[in-house]
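Student: In terms of the numbering used here, the sequence shown is residues 37 to 148.
Positions of the beta carbon are idealized from the N, C-alpha and C atoms, including for glycine.
Quick one: this structure, given as structure tokens, is what I'll be asking you about.
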Amino acid sequence: FRLVKLLHSFPGLQRVIQMITLSLNQIVYLVAVLVLIMVVAALLGREIFYRRFAPTDGTQFNFDSFPWAFITIFVILSGENWNEIMYSGAGSLPPENQWQVVLYFIVVFVVG
């Protein structure tokens, strides 16, 4: 309750809190679009790389199940070692199919 009293004593802080609550409605739509992009990318990755994408660096990132595909997409979009996952996944495919991995990862990273 002291926080409410503190909020009333600073009109600038009250305005900031009001703007944050008003912008939360728009953030919900942004998060929904991002989740939709992630689901589509995970399903597409599962369709293209099912049982063919086996990283050789000891990580478990793959497209063999939807949960792992979604986690892999999350790691790609977060920017955390996405290039290492791409290179190790491309190394597990025949040379004539490695362009698919590179193209897929770049498109997912740019669109997401």
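Tell me whether S45 is buried or exposed, calling it buried when 16 or more other Cβ atoms sit within 10 Å of its Cβ.
Tutor: Within the sequence shown, the letter at position 9 stands for residue 45. Looking at its Cβ environment, which holds fewer than 16 other Cβ atoms inside 10 Å, S45 is exposed.
Student: What separation, rounded to the nearest whole angstrom, lies between the Cα atoms of N98 and I112?
Tutor: Position 62 of the sequence shown, counted from the first residue, corresponds to residue 98. Position 76 of the sequence shown, counted from the first residue, corresponds to residue 112. Rounded to whole angstroms, N98 to I112 spans 12 Å at the Cα level.
Student: Assuming Y140 contacts I84 under a Cβ cut-off of 8 Å, what Cβ separation, rounded to an integer in Å, is found between them?
Tutor: On the sequence shown, position 104 is the one that residue 140 refers to. On the sequence shown, position 48 is the one that residue 84 refers to. That pair is a contact at about 6 Å.
Student: Measuring straight from C-alpha to C-alpha, what distance separates I56 and S128?
Tutor: As a position in the sequence shown, residue 56 is number 20, starting the count at 1. As a position in the sequence shown, residue 128 is number 92, starting the count at 1. Answer to the nearest angstrom: the Cα atoms are 46 Å apart.
Student: Could you check the C-alpha separation between S59 and I53 for me, to the nearest Å?
Tutor: Counted from its first residue, the sequence shown places residue 59 at position 23. Counted from its first residue, the sequence shown places residue 53 at position 17. Approximately 10 Å between the Cα atoms of the pair.
Student: Return yes when at least one heavy atom of the ligand NAD lies under 8 Å from the C-beta of E120, else no.
Tutor: Only the bare structure without any ligand can be found here, which leaves the ligand NAD out of the picture.
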